[in-house]
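S.K.: According to my numbering, the sequence shown holds residues 659 to 808 in order.
Where a beta carbon is used, it is the ideal one built from N, C-alpha and C, also for glycine.
Just so it is clear, the structure is predicted and the values come from calculations on it, not from any experiment.
I'd like to ask some things about the structure below.
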Amino acid sequence: MKIRRKFAIIDIISNQRISTQEELCEILKNSGYDVTQATVSRDIKELQLVKVPDNQGYYYALPDNSPIQNSRERMQRLFKDSVTSIDYSENIVVIKTLPGAAQSIASLIDTAGLENVLGTVAGDDTIFIVVKPLKAVKGIVKDFEELINS
Numbered sequence: 659m660k661i662r663r664k665f666a667i668i669d670i671i672s673n674q675r676i677s678t679q680e681e682l683c684e685i686l687k688n689s690g691y692d693v694t695q696a697t698v699s700r701d702i703k704e705l706q707l708v709k710v711p712d713n714q715g716y717y718y719a720l721p722d723n724s725p726i727q728n729s730r731e732r733m734q735r736l737f738k739d740s741v742t743s744i745d746y747s748e749n750i751v752v753i754k755t756l757p758g759a760a761q762s763i764a765s766l767i768d769t770a771g772l773e774n775v776l777g778t779v780a781g782d783d784t785i786f787i788v789v790k791p792l793k794a795v796k797g798i799v800k801d802f803e804e805l806i807n808s
């Protein structure tokens, strides 16, 4: 759910002028996310959002040098089009893809700023994702599966 929420935040601030955490929290709640202001505050910090001035005050934006330039829709599209299976063992998630797709999906995962993902290793059609802590693995697998099934 955290992955989906982060991509939702990126989409929201990319398409709307959001000037307060409370405003972002309300939009997320109206979109079906069960969030608190503290959760939104942590997400803003993890996504490294910045406040940008304009003639109306300040609004949230991705930093110019941010590697998080991916939208949830892009990730969904790549997962739906290219991922053939997702499984895990202990703290390693294994994603199987169509031939040639693993590196682009791994790059998306690496730049998504996922808190519990230490990193990925991609071959031609297989991605290994190292997750820490162990208890976060099932949640990450569920989030990835939702990208395929939504």
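Among residues of its own chain, excluding the 5 on either side of F737, which ones have a beta-carbon nearer than 8 angstroms to its beta-carbon?
M.R.: Mapped onto the sequence shown, residue 737 falls at position 79. I763, F802, L805 and I806, listed in sequence order.
S.K.: Below 8 angstroms CB to CB, which residues in the same chain sit around L776 once its five sequence neighbours on both sides are set aside?
M.R.: For the purposes of this step, residue 776 is identified with residue 118 of the sequence shown, where counting begins at 1. Only V788, V789 and K790 meet the Cβ criterion.
S.K.: Within the continuous beta strand (DSSP E) that includes S747, where are the two ends?
M.R.: Sequence index remark: in the sequence shown, residue 747 carries index 89 (1-based). Note, S747: beta strand (DSSP E), V741 to S747.
S.K.: Grab me the residues of V698's own chain with a C-beta within less than 6 angstroms of its C-beta, minus the 5 sequence neighbours each way, in chain order.
M.R.: Counted from its first residue, the sequence shown places residue 698 at position 40. These residues qualify, in order along the chain: Q679, L682 and C683.
S.K.: On the premise that A770 lies in contact with S740, defined as a C-beta separation below 8 angstroms, what is that separation, rounded to the nearest angstrom?
M.R.: On the sequence shown, residue 740 is found 82 positions in, with the first residue counted as 1. On the sequence shown, residue 770 is found 112 positions in, with the first residue counted as 1. Not confirmed; about 16 angstroms, so no contact.
S.K.: When you compare the CB positions of Y716 and I671, do they come within less than 7 angstroms of one another, or not?
M.R.: For the purposes of this step, residue 716 is taken as residue 58 along the sequence shown, with counting starting at 1. For the purposes of this step, residue 671 is taken as residue 13 along the sequence shown, with counting starting at 1. No; because the gap between Cβ atoms is not below 7 angstroms, this pair is not in contact.
S.K.: What's the call for A696, buried or exposed, on a 16-neighbour Cβ count within 10 Å?
M.R.: By 1-based counting over the sequence shown, the position of residue 696 is 38. By the neighbour-count rule (16 or more Cβ atoms within 10 Å), A696 is not buried but exposed.
S.K.: Near F743, what residues of its chain come up, given a Cβ to Cβ distance below 7 angstroms and the 5 sequence neighbours on each side ignored?
M.R.: Within the sequence shown, numbered from 1, the residue matching residue 743 stands at position 85. In the sequence as presented, Phe is not what sits at residue 743; that position holds Ser. Closer than 7 angstroms at the Cβ level, and outside the excluded window around S743, lie K754.
S.K.: List the DSSP bridge partners of A719.
M.R.: To locate residue 719, count along the sequence shown from 1; it is residue 61. A719 pairs with V708.
S.K.: Under three-state DSSP, which class holds V775?
M.R.: Sequence index remark: in the sequence shown, residue 775 carries index 117 (1-based). Strand, per DSSP.
S.K.: Mark D692 as exposed unless 16 or more other C-beta atoms lie within 10 angstroms of its C-beta, in which case mark it buried.
M.R.: Numbered from its first residue, the sequence shown carries residue 692 at position 34. Exposed, since its Cβ has fewer than 16 Cβ neighbours within 10 Å.
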